[in-house]
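In what follows, a single structure is set out as structure tokens and then discussed.
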Amino acid sequence: KIMIQGCPSDTIAIQKILGPLAKAHINVDMIVQSFPVLQKKKTMDFYFTVSRSDYDKALRIAQMQGELMDVVAVVGDDQVAKVSALGSGMVDHYGVANKFFEVLATHNIPVYLTSTSEIKISVLVPQEKAKQATEVIHHTFIEGVWDPTVEYAQESSSEMERTIQ
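Structure (structure tokens):
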């Protein structure tokens, strides 16, 4: 995981980071932008992941580009692992994301970064927790322990309105 803190919040800045990585034949995987709410300058924190074999080279490139753009900091962490759940059924089942994070929280597995799509949830977790995270997610979703129709049984309209209020 590489984070560029205080990066200009425009697509040109992103291209200035990703372009040199592409020229170095480094594949960027998860990309997350975070825009701090209380700030005077228009900046963002920009996170991305690369394969472990490309990490050192990618970090050096990001640091060089960060210096050119006068960012606050470029920080890396190579002690993380990506754990994902994917499947086309996620589109039709509500509560998958909630259950995914509930299971990790129940097992005290911190999440450092999240990326989602209609059919996939990917998270970065501490490397030493990756096996456990994979096992508990597999147990919950693949072995069929969880049933959203039971957990989220239809509530009456008045019950739902009270919950929302």
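Its first residue numbered 293, the sequence shown is counted upward by one per residue in the working numbering. Cβ coordinates follow ideal geometry from the N, Cα and C atoms, glycine included.
Exercise for the section: Taking only the alpha-carbon atoms, compute the straight-line gap between Thr398 and Glu443 and give it to the nearest angstrom. Expected result: On the sequence shown, residue 398 is found 106 positions in, with the first residue counted as 1. On the sequence shown, residue 443 is found 151 positions in, with the first residue counted as 1. A direct Cα-to-Cα measurement between Thr398 and Glu443 gives close to 16 Å.
Exercise for the section: Confirm, please, whether the CB-CB distance from Ala350 to Gln419 is below 7 Å. Expected result: Against the sequence shown, residue 419 aligns to sequence position 127. Against the sequence shown, residue 350 aligns to sequence position 58. When the beta-carbon positions are compared, Gln419 and Ala350 stay at least 7 Å from each other.
Practice task
Report whether the distance from the Cβ of Leu310 to the nearest heavy atom of the ligand SAM is below 6 Å.
Solution key: The ligand SAM is not part of this structure, which contains no ligands at all.
Exercise for the section: May I ask you to report which of helix, strand or coil DSSP gives Lys423? Expected result: Here residue 423 refers to the residue found at position 131 of the sequence shown. Looking at Lys423 - three-state DSSP - the assignment turns out to be helix.
Handout entry: Start and end residues, beta strand (DSSP E) containing Met322
Key = The residue given as residue 322 occupies position 30 in the sequence shown. Start and end: Val320 to Ser326.
Problem - Cβ pair count under 8 Å reaching 3, the stretch 404-422 against the stretch 364-373 - result: The stretch 404-422, when compared against the stretch 364-373, does touch it at the 8 Å Cβ threshold.
Handout entry: Opposing strand residues paired with Tyr339 [DSSP bridges]
Key = As a position in the sequence shown, residue 339 is number 47, starting the count at 1. Beta-bridge analysis with DSSP links Tyr339 to Met295 and Val324.
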